[in-house]
Structure formats: structure tokens, C-alpha cells
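1 is the number of the first residue of the sequence shown in UniProt numbering; add one for each residue after it. We put the beta carbon where it would ideally sit given N, CA and C, even for glycine. Right, one structure below, let's go through it.
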Amino acid sequence: MPQSAGIISGIQRMVLYETRARYFLVGTNQAQTKHRVLKIDRTEPKDLVIIDDKHVYNQQEVRELLGRLDLGNRTKVGQKGLSGLSRAVTAFGIVGFVRFLEGYYIVLITKRRKMADIGGHSIYKIEDTSMIYIPNDSVRVTHPDEGRYIRIFQNVDLSSNFYFSYSYDLSHSLQYNLTLLQRPYELWTSPPSSAEEEVQTQTKPDSFDIFEDEGLPAQMVYGVRNEPYYKYVWNGKLLERIKDIVHQDWLMYIIHGFCGQSKLLIYGRPVHITLIARRSSKFAGTRFLKRGANCEGDVANEVETEQIVHDASVMSFTAGSYSSFVQVRGSVPLYWSQDISTMMPKPPIRLDQADPYAHVAGLHFDQMLQRFGSPIIILNLVKKREKRKHEKILSEELYPAVINLNQFLPPENCIDYIAWDMARYTKSKLCNVLDRLGMIAENVVKRTGFFINRCDFYCHTLRPDDRWGDLGGHTTARGRVQTGVLRTNCVDCLDRTNTAQFMVGKCALAYQLYALGMIDKPKLQFDTDCVRLFEELYEDHGDTLSLQYGGSQLVHRVKTYHADRQDAINLFLQVYSPSDLKPHLWELPTDFYLHQQNSMALLRARHSYTYWWSDGVLSCLPVPYDEVPCEDTMKKVKVKRVNRFDESIDTYTEFFRPYEITSFDDTFCIAMTNSAREFMPKTVGVDPSPFTVRKPEETGKYVLGSKSSKDETLLQRKTAASAPPPPSEEAISSTSEDDSEEDRDDDASVSQRSTPIKLLTESGESSRTQEEMQQPSINEPYGINLAALPADKDLLIYKRFARLGESQHRVDRTEHINLANIICLEPVSRFPEDSIYAVAPPQVDEESRKELQIHVMTGEGQVRPLRRDDMLMYREYVRNRYM
């Protein structure tokens with residue numbers, strides 16, 4: 001049966017060349033064997049004219065094309081020193097095209113940094129961009145407000161937590177991406193066509209393959225390319241203008257949020273833990289300015305967090321073991337807002353519109369059922385007991401909305417609602433918050449399950465675990481699939497939500513490691529290297545999301561809040577498009593109607609209040625509708641038949657790059673946290689397992705890993721320097737009850753730690769002499785301490801072992817030595833003259849030998865006379881260049 005693989009983008013590097021009339025964007029793949037060219041007209045003052053000939057050039061053809069362009073664009077014959085074609089910028093991808101009040105700009109990625117690797121698929125973070133104006137000066141029509149729009153647009157810092165990949169779809173989960181590749185053979189059908197033409201498939205494929213004529217087995221592979229999930233794509237509108245014009249290799253979609261990866265070493269076996277957060281581009285904005293939901297069911301601060309665990313010793317998606325777990329945060333799906341004009345002590349919460357039939361909540365949960373399946377579990381962490389009603393208003397509206405929606409769903413697919421006043425129990429000395437969250441997390445993971453692409457180990461049957469027996473989700477012949485999702489919220493979806501999500505993620509991590517055969521029970525203790533590494537990932541995750549949504553200001557500092565960041569997001573996402581025929585962005589009294597477009601028009605087909613889910617969703621539950629291979633989902637998939645060794649699907653070549661010389665900086669560019677280096681105690685006799693509980697005297701001898709390689713995290717640390725320290729596990733359950741609810745807000749400081757981290761100190765580190773301080777000990781670079789000599793008993797055992805090895809292969813020198821009696825070496829190659837022990841020298845023809853001798857003589861200073869053809873070519877070059 002033919003296999004399927006994801007298509008790798010054929011354009012990963014590009015160079016922008018400039019003439020007075022056009023820009024020529026030359027893109028190439030990583031191997032620089034295939035090139036494409038975009039022609040961008042510069043004579044149009046306000047329109048965007050792009051020509052893509054869809055032709056694939058080789059390197060020689062591109063050089064000839066650029067040479068002709070250079071020669072044809074010189075202003076006069078005999079011009080010296082100047083070129084008709086100049087190189088403008090080198091880039092790694094197109095963010096998009098944008099226009100304000102003048103002409104179009106092109107936004108290019110000029111710097112990138114590798115952040116993670118998932119099965120050989122690299123994930124990059126945007127480090128720097130370049131915004132280039134397309135029309136030339138002769139046709140440019142200036143506008144006085146153009147500069148202001150540029151400044152607003154550039155307030156969205158693309159070098160801050162924007163990510164992309166050439167071969168992995170970051171807008172979808174790992175479960176979706178892998179189940180897409182595992183769809184039945186009948187779905188990957190295509191008529192006989194060119195290998196480069198990507199078409200939707202309807203008929204059974206022709207079984208012809210180029211290898212069949214040579215007597216080799218068929219090597220047909222289906223290359224699969226899927227449309228992204230545009231809810232989590234942030235440059236979708238910027239690429240909309242060229243989407244149907246250019247080849248798909250030019251389109252690269254970016255996400256906003258967080259991406260971090262750490263290495264867990266289990267007795268030398270590498271296991272990568274990756275955390276990816278996708279921030280929704282729908283109803284996006286900043287704290288206080290974006291609350292609740294819009295009329296289409298999109299909520300503010302909606303973030304999908306996915307934790308991926310995979311065995312890094314095997315890179316392939318088909319042969320490796322991969323697991324993932326997804327959870328969601330988002331504002332309460334109601335029409336509500338906060339009036340920031342009165343901020344003392346807190347901005348009052350108000351319900352903007354009456355929604356007795358839960359229309360908005362129904363639209364929101366319909367989206368979730370399509371993407372995640374059932375059950376949808378709501379964990380509502382807002383306060384329930386307050387002296388003055390504030391957060392309680394949201395719970396009083398959300399719970400009836402869920403009850404109303406559930407009465408039309410089958411009982412097995414109903415939305416679960418869990419309300420727990422986390423702030424109240426944090427102040428109580430009688431309740432351990434983490435224990436309570438652990439119980440909730442266990443219940444959630446057992447109901448939704450998680451994704452893994454391998455079957456259960458046989459040892460799980462031999463030694464069954466009670467927790468594993470009743471695990472939920474959907475079991476298939478190839479593994480397990482997560483069905484449903486946990487949706488956590490407080491008021492801001494920041495601090496309390498971070499803590500709850502960490503506890504659920506910790507519980508899911510235990511099940512993932514157990515399913516991968518790394519631990520013998522699906523349970524992880526807090527004071528272990530594994531959990532500390534996971535805590536650090538969630539620290540960065542929580543801080544990053546908090547800064548993106550809320551900034552670093554405190555709630556009570558009212559004057560620091562303004563709409564500049566919101567205007568920048570609206571302009572970047574093209575929620576607002578500038579025009580001379582309407583008010584400027586800064587002149588709008590509110591952006592309400594920009595995000596509530598349907599509220600200005602009567603819908604032709606009103607959504608049913610009882611049949612509130614989309615067609616086909618209910619029949620697929622508990623499996624997500626988006627992952628079911630049906631006619632609607634297959635419309636978004638395009639496939640092409642390729643050779644198994646084709647560069648467009650060759651992940652091995654993409655990752656290792658055997659065709660080019662690489663540097664250590666590029667090869668080891670991921671500054672990944674390592675559990676053995678940063679967390680394991682550096683003392684002799686310590687159990688190296690990352691699942692061992694460390695004693696307090698051991699934990700005092702090491703500190704958290706260095707963060708010098710994470711620039712954005714350092715910036716967050718500086719910004720959050722005035723924030724209160726993170727609550728530890730003990731402190732979170734023993735907070736003083738004297739704090740009044742009005743004076744204390746759990747979401748007051750957005751840069752608070754999202755997880756209960758116990759601070760580690762160097763108080764237990766032994767003192768070192770002055771000589772030791774000058775010369776680093778072996779303990780520092782290698783993690784061992786040679787100063788502590790082995791015991792006499794151990795040395796005696798080692799000496800006995802060494803003596804046994806001395807006489808093991810001793811041969812009597814008086815006899816004739818026959819190597820065949822000692823070890824038999826049999827060639828493993830089917831070619832007798834070319835085995836692993838003997839290689840026949842290559843046969844070189846006479847012409848090649850002469851060419852080599854000429855190169856050697858040239859290196860020694862003996863230059864041969866040039867041939868007549870070479871002289872004519874050189875004269876032609878000099879005449880064209882300098883005369």
C-alpha cells in the first residue's frame with residue numbers, strides 16, 4: 001500500500017532583486033536545486049500586480065535569467081560600474097503584502113532562529129523582518145497619514161513570539177497532522193498527471209511507477225498538503241491578495257503564541273517535551289479592551305496549548321513514537337466587557353447584551369465540537385463568594401447557558417461544567433489547592449484521553465494499572481486519539497488558568513510517558529527532575545501569554561492603558577483596512593463594529609436555537625468532525641504522486657542537509673534545557689533517573705537551567721521584576737486569610753508565575769578553594785566528581801576484572817596464527833569487490849586525469865596557457881563589463 005507524507009515547502013530561501021520597473025523575488029529550496037521566480041510590478045502606484053510563471057528553474061537557468069535582466073536593464077550602452085539589476089535583501093519567507101493609503105508593501109522574514117524539532121520537522125521563530133515599499137519613487141503618490149499607519153502596523157513586533165515551519169502545519173495539532181497522513185488508501189486518488197501539478201483527487205490512481213521498468217519494487221508516495229486552520233493563522237489576510245495567484249510554495253503561514261522544547265534524559269535515552277501555544281487571531285486584542293465573545297462565537301484571549309512528547313532517538317513520523325495532549329483557555333463566551341473609565345478597585349463587569357437562548361455560547365461550543373469532539377469540559381475558576389458582586393456575574397450567566405445547550409445534546413455528548421472558586425480555596429488553610437487541582441486533572445485526562453501513534457505495550461497487559469484501565473478517548477488499531485478537550489477560564493485567563501493548566505498538563509505527561517514505556521506507573525511526583533523541567537516550560541509559556549494579552553502593567557495603574565496595541569493588532573490582522581473614504585483608525589470611538597461585523601446586517605439563515613451545532617458534527621461524536629475523512633474535510637487536502645526519494649517529502653535530507661557544509665552554530669542552534677545537565681544533582685551515587693524524588697538537601701545543590709539563550713524570556717524577567725514572587729506548593733495552600741477580596745486580585749499582576757515553582761538556591765553548594773575557583777573541576781563540564789576516589793573494595797573488584805580480560809584472547813606465539821580461528825569476517829555486501837572490508841579504487845578516464853593534473857600544476861604556480869575559447873569568453877566578459 002502506498003505511503004503518504006507531508007509536503008515540504010519548495011521555497012525556503014529567497015533573494016529580492018530590484019530594477020526600476022520590477023522586483024524579482026527568486027526563491028529556492030534548501031538544496032538550491034529548484035528555483036521559482038515572482039515578478040512584482042513597480043509602476044503601479046496603488047495596485048498589486050504579481051506574475052508567477054509557475055516554472056521550476058535549475059541553478060543554471062536562474063543565473064542566465066538574472067544575467068539577461070542585468071544586461072537588459074542598464075540605462076545606456078557602455079555603462080561602467082553600475083548594474084541594471086541590484087540585490088535588495090535576502091529572506092527566508094514572505095509574511096505578506098499590506099497597503100495603507102499609498103502603494104503596497106512586502107514584508108519579508110530576514111532573520112530566523114530554530115526553536116524546536118518534531119520528527120525532523122524544524123520550527124522557527126521570526127527574529128527580524130524587513131518592510132519594503134513596492135512602487136518606485138517616480139509613480140509614488142504620497143499621503144500625509146501614511147507614516148502614522150506604518151508606525152501603528154509596526155507596533156506588532158514580529159520578532160516577538162511568531163513562529164513558522166516549512167514542513168509542519170503549526171495551525172493544527174499533532175493528532176490532526178498524523179491522522180491526516182494515515183487516512184485510507186482510497187482517499188489518496190489522483191488521475192495520471194505531472195508530478196508538479198497538485199490536484200484534488202476523485203478517481204483511483206494509476207499504479208504506474210518509474211521504478212517498475214527497472215525491476216525494483218514500486219516507490220510511489222502521496223505527498224499531502226492541507227489547508228491551515230485559519231483561526232490560528234496571523235498572516236492569513238496579508239496573503240489573501242496573492243493566495244490564488246502564486247504557487248503554494250510561496251505561501252507560508254505564521255502563528256502567534258509560544259513554542260518551547262526541552263530534553264528529558266532517561267538513562268541516556270532522549271525524550272523531547274515540546275510545548276506549543278496557538279493564539280487565536282479572531283477577536284484578538286489586549287486585556288480590558290477585548291472581553292467575552294463576538295457575534296460569531298470567537299472569544300478573547302483564546303489559546304490552544306499542546307504538549308508533545310516523543311522519543312527523540314527515532315526521527316521518523318512513521319517509525320517513531322509520538323504523543324500529544326491539547327487543552328484550551330479563553331474568555332467566558334458571553335457578551336460582556338469591563339468599563340476601564342472606573343478602575344477602583346476593579347473595572348466593573350457588565351453584560352452588554354441579553355442572550356437568553358445562549359446563541360453566542362452555542363456558536364463557540366459548536367466550533368469546539370468540530371475541532372475537538374466530545375466531551376467539552378469547562379473548568380470555571382472565577383469567584384463565587386464576594387462581598388460585592390463582581391466575577392460572580394459571569395458564572396450566573398455561563399451556567400444557565402450550558403444547561404440550555406445541553407438539553408438538546410445526547411447525554412453522552414453533553415458539555416461538562418466544573419465550577420471551583422480557586423481564589424477562595426487559596427486563602428484557606430484547610431484545603432491544598434494543588435491536591436484539588438490534581439483530582440480534577442485526573443478526572444479530565446481519563447475522560448478525554450490523549451493521542452499516541454502506537455499500540456499499548458504488552459507489559460501494560462501483564463502488569464495492568466488501575467488508572468490505565470478506564471482511560472477515555474478513542475482507541476484505534478494504530479494507537480489512541482484524544483476526544484474532547486478541557487476549556488479553562490478565570491476572568492483574565494492568566495494566573496489561575498495557568499496554574500490549572502499546568503496541573504492538568506502534569507497529569508497528562510505522566511500518562512504520555514507511561515504509554516511510551518518510560519515509566520512503570522502513570523504518576524509523577526513533584527520533586528523530580530522531570531516535573532521541574534516541565535515547570536520551567538510552563539513558566540515561559542505562562543509569562544509569554546500573559547505579556548501578549550495584558551502587558552506588564554498592574555490593574556490599578558489606570559493611566560497606563562491605552563489603545564495603541566489594540567490598534568496595531570486590528571491593522572496587522574486587517575480587521576481595519578485604511579481608506580480615504582472612511583474615518584482613520586485613530587478617529588474611531590470604538591472598534592466594536594470591526595469585530596462584530598454580522599451585528600450590522602440581518603442574517604438570511606438564522607442559526608437554530610435548538611439545532612445549534614453544524615451539520616454532520618453530531619453524527620461523528622465523540623471523534624472531532626475535522627478529523628473524519630469525509631467530503632468536506634477532503635476538499636481542504638491536495639495530494640500529488642511523487643517519488644519516495646523526492647526532495648519535496650524527504651525529511652531526512654531536510655533535517656540533516658548532507659549536501660551542504662554546515663557550522664556548529666547552525667547544527668546545534670537549539671538551546672534546549674536538558675534534565676541531566678540543569679536539574680540532576682552533580683554528586684556521586686545519585687540515581688540519575690529524572691523520576692526520582694530528590695531530598696531537600698539534594699535539591700539545594702543545583703539551580704534551574706541557564707536562560708541566557710532565550711532572549712524573550714530574559715525580557716519578560718526584567719519586565720516582571722516588580723511582580724510578587726511565585727507561590728510555592730506550601731504557600732499556595734497556606735495564604736493568609738486576612739487579605740480582603742477587594743484588595744487582592746489573583747489576576748492583578750499579569751507577569752506572576754503561572755505555576756507553583758519552588759525556588760532553588762545554591763545554599764547547599766560546598767565551598768571551593770581559590771585554586772579550584774581558577775581552574776574548573778571535572779565536575780562542571782562532565783557532571784562527575786573524580787575527587788572522590790572509589791572504595792578499596794571496588795578497586796579490588798575492578799583489578800580482578802582487568803586480569804580476567806588480559807588472558808581472554810591470548811594466543812600461543814609458537815603456533816601459526818590463523819585469523820580465521822579467532823574471528824570470521826564475512827562480507828555483508830552482495831558485490832564481492834566492494835564490501836565493507838575492501839573497496840575497489842574508482843576507474844578514472846584519461847581526460848579527468850589531465851584535468852586534475854592541470855589543477856595541481858595551477859596550485860603550484862605553473863599556469864597553463866589559456867585555450868582560444870577561454871580567451872574569447874574572457875574578452876567578451878571584459879567588453880560587457882568595463883567598456
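Starting from the N-terminal side, write out each stretch of the alpha helix (DSSP H) that is 4 residues or longer and does not extend beyond the segment 109-186. 146-153, 174-181
Cys459 by DSSP, collapsed to three states: which one? helix
Is Ser159 near the ligand MG, going by C-beta to nearest heavy atom under 7 Å? Within the structure as shown, the ligand MG is missing, as the structure has no ligands at all.
Answer yes or no: do Leu180 and Val233 have a C-beta to C-beta separation smaller than 8 Å? no
Please state the DSSP three-state secondary structure of Met14. strand
For Gly469 versus Pro622, is the C-beta distance shorter than 8 Å? no
So Pro270 and Ala312 are supposed to be a Cβ contact under 8 Å. How far apart are they, rounded? 4 Å
Count the other CB atoms, across all protein chains shown, that sit within 10 Å of the CB of Asn880; report buried if there are 16 or more and exposed otherwise. exposed
On the DSSP letters alone, give me the boundaries of the alpha helix (DSSP H) that Trp336 sits inside. Unbroken run through Trp336 is the beta strand (DSSP E), 336-338; no alpha helix (DSSP H).
Give the DSSP-derived three-state secondary structure of Tyr322 in the structure shown. strand
With distance defined between alpha-carbon atoms, name the residue in Ile276, Leu381, Lys290 nearest to Glu306. Ile276
Opposite Leu275 in the DSSP bridges: which residues? Gly260, Gln307
Identity of the residue in Gly67, Ser848, Glu61, Ile7 nearest Tyr877 by Cα: Gly67
Would you mind sorting Gln843 into buried or exposed? The rule is 16 or more other CB atoms within 10 Å of its CB. exposed
Inspect the beta-carbon positions of Gly292 and Val332 and report whether they are closer than 8 Å. yes
How many angstroms separate the CA atom of Gln353 from the CA atom of Tyr576? 24 Å
Are the segment 43-51 and the segment 100-113 touching, with three or more C-beta to C-beta distances below 8 Å? yes
For the alpha helix (DSSP H) that Asn489 lies in, which residues bound it at each end? Segment 485-489 is the beta strand (DSSP E) holding Asn489; no alpha helix (DSSP H) there.
Once you ignore the five residues that flank Val642 on each side, which residues in its own chain have a CB closer than 7 Å to its CB? Ala195, Val221, Gly223, Ser648, Ile649
Run through the DSSP bridge pairs and tell me what Thr476 is partnered with. Gly479
Pairwise C-alpha distance: His310 and Phe317: 10 Å
Exposure label - Arg329; buried when at least 16 CB within 10 Å: buried
Straight-line Cα distance separating Glu18 from Arg87: 6 Å
In terms of alpha-carbon separation, which member of Ser262, Met422, Ser579 lies closest to Met115? Ser262
The beta strand (DSSP E) with Gln3 in it runs from where to where? 3-6
Would you decide whether Gln60 is buried or exposed? Buried here means 16 or more other CB atoms lie within 10 Å of its CB. exposed
Roughly how many angstroms lie between the CA atoms of Lys506 and Pro681, to the nearest whole one? 22 Å
Cβ pair Asn29, Gln3 closer than 8 Å: no
Determine the contact status of Ile340 and Ser324, defining contact as a CB-CB distance below 8 Å. no
Taking a contact to mean a Cβ-Cβ separation below 8 Å, would you say Thr610 touches Phe365 in this structure? no
If the criterion is Cβ atoms closer than 8 Å, does the pair Asp249 and Gly10 meet it? yes
Using only the alpha-carbon positions, how far apart do Val639 and Ser165 sit? 19 Å
To the nearest angstrom, how far is it from the Cα of Lys54 to the Cα of Ser663? 33 Å
Buried or exposed: where does Gly373 fall if 16 or more other Cβ atoms within 10 Å of its Cβ makes it buried? buried
For Leu369 versus Asp355, is the C-beta distance shorter than 8 Å? no
Would you mind listing the beta strand (DSSP E) stretches within the segment 333-401 that are 3+ residues and don't spill past its ends, in chain order? 336-338, 349-351, 376-380
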